[in-house]
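Remarks on the structure that follows.
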Ligand SMILES: C[S@@+](CC[C@H](N)C(=O)[O-])C[C@H]1O[C@@H](n2cnc3c(N)ncnc32)[C@H](O)[C@@H]1O
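Residue numbers (mature numbering (1 follows the signal peptide of the UniProt record, and there is no 0)): -21 to -1, 1 to 339.
Spelled out as structure tokens, the structure:
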């Protein structure tokens, strides 16, 4: 009982102390929640929350029109499901760059913040022990505790869709990562996941991240390219999926934030000055056609994910950019989802895992 009380007090105190906005030009999530009575904050808050709607889906308000995917509950669920799929693919790891004891970490385009929270409280053991007992052992310095507990993790996003209750070493800001960054201190590790279709100028983003890394720090980007492949030609049995993918690619290019240019990212990182650039491409099946149990499990979750990803990707891109009606989009989506049930289609997506290091 006593330990639980101490734990709760510690968490509250540390949550309050983590409420300072580190970046004066962005809007801290804590500031948003705690300073509602101040009128200027209220007006900033309402402009951030003044969401836009299109065909029944909700979109971000800050820097309106910069990002083509929704930010509503359905989309948040999709992001969290994809976090689990990444975890399955990477065998529970949440990064592949060989980082060691990073103190300052930035997660750009953090979404629901699920990666940032996971990173901040990344456990190596004691995962099934009640948290008050873990905390007690940590206070006595008897546990290896969280691998990155000493790091300070900042996540930024256009949408304020992150949780309020987060680990004390994690905080969120509303910001546009393609604007000029004003962080006063360098980061040890900068991470961005699932940002294909979010980036207008990838070379510039690489350079900006480079400028804000300390020497020896890592920049890691992980993303699926929006495309499908098969090694046996069976993707030919999924013509609507192929059509939807090529329409989304066409629309995202017209929108100015392509979803299929990940092949160019490693070269852009080298050009920006990173060394030891590594690019791993991992195949992942979007449906459970594979025999291998791990791949089948990934496919099962991916199939559930597709129910939400297909409409999320097509809604604005096909309507506002390519001029399709909602009915036309719904019919295309229905065919794509029907095709994802055909296990004779041995389709896979490509996950790009790319990182580089700022030289010492
Ligand atoms: C597909 S989600 C990925 C979320 C998260 N990285 C993850 O892997 O769970 C892309 C996120 O990037 C955010 N985003 C897109 N463009 C952005 C920008 N210019 N600045 C900040 N966030 C941005 C979107 O709001 C969205 O939450």
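Virtual Cβ for every residue (Gly too), placed ideally from N, Cα, C.
query                                                                                                                                                                     : result
Do the CB positions of residue 262 and residue 219 come within less than 7 Å of each other?                                                                               : no
Can you tell which of 206, 197, 165, 205 has the C-alpha that lies nearest to the C-alpha of residue 78?                                                                  : 197
Between residue 90 and ligand 2, is the CB less than 6 Å from at least one heavy atom?                                                                                    : With respect to ligand 2, the structure shown offers nothing to examine, as its ligands consist of ligand 1.
Check whether the stretch 294 to 312 touches the stretch 25 to 33, taking contact to mean three or more Cβ pairs, one atom from each stretch, closer than 8 Å.            : yes
Assuming residue 156 and residue 88 are in contact, meaning their beta carbons sit under 8 Å apart, how far apart are those beta carbons, in whole angstroms?             : 6 Å
Under the three-state reduction of DSSP, which class applies to residue 31: helix, strand or coil?                                                                        : strand
Are there any heavy atoms of ligand 1 lying less than 6 Å away from the beta-carbon of residue 334, as far as the coordinates show?                                       : no
Using only the heavy atoms of ligand 1, determine whether one of them is closer than 6 Å to the beta carbon of residue 183.                                               : no
Do you know offhand how far residue 109's Cα is from residue 273's?                                                                                                       : Only weak support exists for where residue 109 lies, its pLDDT of 45 falling under 50; the coordinates are left without a value.
Would you say the beta carbon of residue 172 is closer than 6 Å to some non-hydrogen atom of ligand 1?                                                                    : yes
Only counting the same chain, and skipping five residues up and downstream in sequence, which positions put a Cβ closer than 8 Å to that of residue 178?                  : 157, 184, 236
Going by DSSP, what residue range makes up the beta strand (DSSP E) through residue 329?                                                                                  : 328 to 336
Return the bridge partner residues of residue 257 from the DSSP annotation.                                                                                               : 334
Check whether the stretch 209 to 227 touches the stretch 314 to 328, counting contact only when three or more Cβ pairs, one atom from each stretch, lie closer than 8 Å.  : yes
Does residue 323 come out as helix, strand or coil in the three-state DSSP assignment?                                                                                    : coil
Count the other CB atoms within 10 Å of the CB of residue 317; is the residue buried (16 or more) or exposed (fewer)?                                                     : exposed
Please report the straight-line C-alpha distance between residue 170 and residue 75, rounded to a whole angstrom.                                                         : 11 Å
Can you check DSSP and say which residues form a bridge with residue 263?                                                                                                 : 328
Under the assumption that residue 209 contacts residue 331 (Cβ atoms under 8 Å), give the Cβ distance between them as a whole number of angstroms.                        : The pair is not a contact, with the Cβ atoms about 18 Å apart (cut-off 8 Å).
Pick helix, strand or coil for residue 96, following the three-state DSSP scheme.                                                                                         : helix
In the DSSP assignment, find the unbroken beta strand (DSSP E) run with residue 85 in it and report its ends.                                                             : 83 to 87
Which of the three DSSP states is assigned to residue 159 in this structure?                                                                                              : coil
If you drop the 5 nearest sequence neighbours on each side, which residues of the same chain put their C-beta closer than 8 Å to that of residue 165?                     : 83, 191, 192, 193, 196
Report, in whole angstroms, the separation of the C-beta atoms of residue 47 and residue 176, which I expect to be a contact under 8 Å.                                   : 7 Å
Go ahead and label residue 338 buried or exposed: buried means 16 or more other beta carbons lie within 10 angstroms of its beta carbon, across all protein chains shown. : exposed
Taking the C-alpha atoms as reference points, what is the distance between residue 322 and residue 311?                                                                   : 19 Å
Per DSSP, residue 149 is paired with what?                                                                                                                                : 132
Whole-angstrom Cβ separation of residue 167 and residue 81, contact assumed at under 8 Å?                                                                                 : 4 Å
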